[in-house]
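2 protein chains.
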Amino acid sequence: MIARSDTKTALLNSAESAARRFGFDGFSYADLAKDVGIRKASIHHHFPSKADLSVALMERYHRNFQRICAEIDSGCETGGAKLQGLIRQYKEGSDNGRQLCLCVAFSASRDSLSPDVIKQIGLFRGMVTEWLEKALEQGRKDGSVSGVHSPEREAVSVLSLLEGAQLLARTDEDPAVFDQAITLLTMRICG
Amino acid sequence: MIARSDTKTALLNSAESAARRFGFDGFSYADLAKDVGIRKASIHHHFPSKADLSVALMERYHRNFQRICAEIDSGCETGGAKLQGLIRQYKEGSDNGRQLCLCVAFSASRDSLSPDVIKQIGLFRGMVTEWLEKALEQGRKDGSVSGVHSPEREAVSVLSLLEGAQLLARTDEDPAVFDQAITLLTMRICG
DNA sequence: GGCTGTCTGCCTACCAGTAGGTAGATAAAC
DNA sequence: GTTTATCTACCTACTGGTAGGCAGACAGCC
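One line per chain: the protein sequences are A and B, in this order.
Counted the way the working numbering counts, the first sequence spans residues 1 to 191.
Counted the way the working numbering counts, the second sequence spans residues 1001 to 1191.
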């Protein structure tokens, strides 16, 4: 049994890529079917509804991102270095302005989403915000981030800046715009 | 002739509201027709295609926003006060987290958009960025904004923060999230 | 004044294509 | 012999868009 459910993974991969490029309303089961190479109806076997698929998408995205955050933690000494690590992640995630973070893509179509997906977006943001708060706190203590007053409030603000930067870079499909857009953050990272 | 084209305005109003709530792919001609009270086909008389409608939407949005910026300019003394004015505008524009700036809503669906609309988004952002650059420059000179080093780079970053803040506030439909999300900016406005 | 042609704004009726989703069959795997 | 993964064939609802008609306003002209 090489792959109990390669198809399921292939569907998630295809759906994630499509959602991040076209948004929640911008891709269909027919698109996925063509991409993965099975019939449209067969997708319903793996994900009964588009809402189920979206939730599964967010859950996987959440897990992956959590793992990446842990890797940054273990690979970086200072709070500033950790912030740099997350910035790199968001920049790479935007694929040179060709796509968005999944929760940015979903947020924009909020009112087309199922309540479960909205809940997942909240959980994801909560996880990232908590991580950012710790990194900022550490950066304040070790002097690698300047001007930190309220790690809690600023964590939300940093996330907001990163998501906004992806959005701006997306319009021009230009990674340089991303770098410029996060100036308010980078100018404060010392080490 | 009370109204040569009230219908056209009504269509633009309905479409703007829908686009900002559901995104570009989240509203249809049928929705607009029902909302405005004419038949779906009649919309094509005013806007031959959805691309035409979207361009008209962005143009009107651009003009309105430009007027608002001018009003802020004439009503505020310091650079910091002008920034506060723009922040208020973005917060009010998000209608307590129930909708987004039109160009945020459109950006997320970029690959479903016509090239003309993408161009319009660029023009809008250029206009706001230029305005922000002047406000930051002024704030540096009059001391109402602290830590300004490169008004040009930081202008893009401020816009990115404002758009990101709308996005975050949207998920929870909570205006308090917006306030928290712009901390990186407000902590630097002195007067 | 009345006549005529044009323009505006809307209508009904329709198109091909696509959306997400369902029913039921089939064949292989455990 | 049930479970798993897929298929064909279909459904209803809706997508943006088109064709053609029609009532009223508005001009210029006699």
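We treat Cβ as the ideally placed atom computed from N, Cα and C, and that holds for glycine.
Simplified DSSP state of residue i, which is helix, strand or coil
{"i": "valine 117 of chain A", "result": "helix"}
{"i": "valine 1145 of chain B", "result": "strand"}
{"i": "isoleucine 182 of chain A", "result": "coil"}
{"i": "isoleucine 189 of chain A", "result": "strand"}
{"i": "threonine 78 of chain A", "result": "coil"}
{"i": "isoleucine 38 of chain A", "result": "coil"}
{"i": "arginine 1067 of chain B", "result": "helix"}
{"i": "proline 242 of chain A", "result": "In this structure chain A extends from 1 to 191, so residue 242 of chain A is not present and cannot be described."}
{"i": "aspartate 1031 of chain B", "result": "helix"}
{"i": "asparagine 1096 of chain B", "result": "coil"}
{"i": "glycine 1126 of chain B", "result": "helix"}
{"i": "serine 150 of chain A", "result": "coil"}
Min CB distance residue i to chain B below 7 Å
{"i": "leucine 184 of chain A", "result": "yes"}
{"i": "aspartate 25 of chain A", "result": "yes"}
{"i": "arginine 88 of chain A", "result": "no"}
{"i": "alanine 181 of chain A", "result": "yes"}
{"i": "phenylalanine 22 of chain A", "result": "yes"}
{"i": "alanine 165 of chain A", "result": "yes"}
{"i": "threonine 78 of chain A", "result": "no"}
{"i": "leucine 161 of chain A", "result": "yes"}
{"i": "valine 156 of chain A", "result": "yes"}
{"i": "leucine 83 of chain A", "result": "no"}
{"i": "leucine 102 of chain A", "result": "no"}
{"i": "leucine 32 of chain A", "result": "no"}
{"i": "arginine 63 of chain A", "result": "no"}
is_contact[residue i, chain A] using C-beta, thresh 7 Å
{"i": "phenylalanine 1092 of chain B", "result": "According to the sequence provided, residue 1092 of chain B is glutamate. The question's phenylalanine does not apply to it. With 7 Å as the cut-off, glutamate 1092 of chain B does not count as an interface residue toward chain A."}
{"i": "glycine 1075 of chain B", "result": "no"}
{"i": "glutamate 1016 of chain B", "result": "no"}
{"i": "serine 1054 of chain B", "result": "no"}
{"i": "glutamate 1059 of chain B", "result": "no"}
{"i": "threonine 1171 of chain B", "result": "yes"}
{"i": "arginine 1067 of chain B", "result": "no"}
{"i": "leucine 1168 of chain B", "result": "yes"}
{"i": "arginine 1039 of chain B", "result": "no"}
Residue burial classification, residue i (beta-carbon count within 10 angstroms, cutoff 16)
{"i": "glycine 1164 of chain B", "result": "buried"}
{"i": "alanine 1070 of chain B", "result": "exposed"}
{"i": "arginine 1020 of chain B", "result": "buried"}
{"i": "arginine 1063 of chain B", "result": "exposed"}
{"i": "proline 1151 of chain B", "result": "buried"}
{"i": "glutamate 1016 of chain B", "result": "buried"}
Rounded distance between the beta-carbons of residue j and residue i, thought under 8 Å
{"i": "tyrosine 90 of chain A", "j": "cysteine 101 of chain A", "result": "7 Å"}
{"i": "leucine 159 of chain A", "j": "valine 117 of chain A", "result": "Actually they do not touch by this definition, with Cβ atoms about 18 Å apart."}
{"i": "glycine 1147 of chain B", "j": "aspartate 111 of chain A", "result": "Their Cβ separation, rounded to whole angstroms, is 38 Å, which puts glycine 1147 of chain B and aspartate 111 of chain A out of contact at 8 Å."}
{"i": "valine 36 of chain A", "j": "serine 14 of chain A", "result": "5 Å"}
{"i": "alanine 1135 of chain B", "j": "lysine 1082 of chain B", "result": "4 Å"}
{"i": "cysteine 190 of chain A", "j": "glycine 143 of chain A", "result": "7 Å"}
{"i": "leucine 185 of chain A", "j": "leucine 168 of chain A", "result": "The Cβ separation is near 14 Å, so there is no contact."}
{"i": "glutamine 138 of chain A", "j": "glycine 79 of chain A", "result": "3 Å"}
{"i": "threonine 9 of chain A", "j": "glutamate 1154 of chain B", "result": "Between glutamate 1154 of chain B and threonine 9 of chain A the Cβ distance is about 42 Å, and since that is not below 8 Å, they are no contact."}
Going along the stretch 1108 to 1142 of chain B in order, which residues come within less than 9 Å of chain A, judged by CB to CB distance? Ala1108, Ser1109, Arg1110, Asp1111, Ser1112, Ile1118, Ile1121, Gly1122, Arg1125
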